[in-house]
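Numbering (the numbering used here), first residue to last: 134 to 491.
The structure appears right after this line, and notes come after that.
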Amino acid sequence: MGRTDAPGCDPHGLFLAMTLLRLPKVDAVCWVAGRGQRLAAHARQELTDSPIQVIDWRDAVSTLNVIIEMDAPIDPTWAVEFRALGGRAVSMRMANDYVIDLERMLFQPPLLMPSIEVRYDAVWTLPAYERIGASYWRSTFRAPVRIVPPLWSPVLIEREARQRPHAPPFNYRPARQRWRVAVFEPDHGLVESTCVSLLCCEALHRENPAALDQVRVFNTQHLGGHRGFVDFIRTLDLGRHRLVSLEGRFPFAHLVAGEFDAVVCHQWESAPHARHYEALWGGYPMIHNSSWLGACGYRYTDFDSEAGGRALRCAMCEHDGALDTYRRQARKFLRRLDPLDDTNVQAYGAALAALYER
């Protein structure tokens, strides 16, 4: 399955492996580590107690039937040899590549376009990216695009709980009068940035300055020296009253347990991420603008930060009294994402079978 040149393994890779292993025609799922012993060792550590085998990229060429590109591009030379042996290649697209690639073209960060030397048999993506990305990927990858269901499981949260038995439980705890809010957008570009989330908190703070105790904005420490971002924070009452802190990057489940009362999110043409599902699983009030989360959380529309502030106020007023209902509704929604669910298994089985129908 997927290949990585990065130290970490995308959680979706684990969930995808869990699904594929339910298929009768799949004997094994392997994670192909990138070049270097450190990367292979790190992958093995992260995949401890998982059903995924970690293999070297040199062994993968003659071992695998299908390669699913996850978080690093397939090496063109490797791909030519792999396809000559009858292998199939899939690219799994899990982001709004159209906007991200356009930003990189205009503002000059590194741009990783698909190599014309790699022939892909298919592009797999989630329903949230079909409207803006399907045509783009069909053109750039020269391959059919297939929509597959999102997957999520609490197995990683449960593993963390076993490994950290003395840590606070990953569950929302009521009864605080002033809420501590967390913002976890990755801030890599327009599609997932902190600005609207901060404006939602600002709207509530202007209405009721006693409502919020702190707003910690993660994945923004690198922006602390950016003049434009700092000036934006200074325009806010939250900034002037020193309620905002810019933080580094940390695992969501480590930080939310016992440290926060709510999560405020904003996305543009993007699918929910694992952190959103984790917040729902833990019963945390999540203020968001995603149409892909059903009736879960407290939703506002598009870029309407005033509505986001009202949604945050609603959560503060109603969440504790409706916590049991909130948790039941969230768990019901999350069961649809279960990698072992028959509907999801059948969808990925059909996508895999289609690779051999061309």
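Glycine included, each C-beta is placed from N, C-alpha and C at the ideal position.
As the structure is a prediction and not an experimental result, all values here were calculated from the model.
- Distance check between P283 and each of F436, P418, T152 and N341 places T152 closest, using alpha-carbon atoms only.
- Here D192 is exposed: its Cβ has fewer than 16 other Cβ atoms, across all protein chains shown, within 10 Å.
- The way I'd put it, the segment 314-330 does touch the segment 386-400; three or more beta-carbon pairs between them come closer than 8 Å.
- Of the residues F148, I188, A205 and R155, the one whose Cα lies closest to the Cα of C163 is I188.
- The continuous beta strand (DSSP E) containing E202 extends over residues V199 to E202.
- Looking at the backbone, the Cα of A390 and that of A294 are separated by about 11 Å.
- The C-beta distance from Q347 to L379 rounds to 12 Å, too long to meet the 8 Å contact threshold.
- Cβ-Cβ separation between D230 and G266: approximately 6 Å, consistent with a contact (criterion under 8 Å).
- For H421, the secondary structure class from DSSP, reduced to helix, strand or coil, is strand.
- Taken in chain order, the complete beta strand (DSSP E) segments of 3 or more residues contained in the segment 321-385 are 345-350 and 377-379.
- A395 and P287 have their C-alpha atoms some 19 Å from each other.
- Contact between A315 and F365 is ruled out by a C-beta separation of about 19 Å, above the 8 Å threshold.
- Under the DSSP assignment, C429 falls outside any beta strand (DSSP E); it carries neither an H nor an E label.
- Between A407 and F148, the alpha-carbon positions lie close to 11 Å from each other.
- Straight-line measurement puts the Cα of M225 at about 18 Å from the Cα of W190.
- The Cβ-Cβ distance between R216 and V199 does not fall below 8 Å.
- Secondary structure at I207: coil, using DSSP grouped into helix, strand and coil.
- Unbroken alpha helix (DSSP H) stretches of 4 residues or longer found wholly inside the segment 212-276: 230-240 and 263-274, given in chain order.
- When DSSP states are grouped into helix, strand and coil, Q462 belongs to the helix group.
- When beta bridges are read from the DSSP output, V314 appears opposite V348 and A395.
- Look at V159 here: in three-state DSSP terms it is coil, with no helix or strand label.
- For Y433 against A444, the beta-carbon gap comes to about 5 Å, under 8 Å, which counts as contact.
- Per DSSP, the continuous alpha helix (DSSP H) segment holding Q479 begins and ends at D475 to A487.
- W401 sits in coil when the DSSP states are folded into three classes, being neither helix nor strand.
- With respect to the 8 Å criterion, G415 and Y305 are classified as neighbours on the basis of their beta carbons.
- A412 sits buried, since 16 or more C-beta atoms from the chains shown fall within 10 Å of its C-beta.
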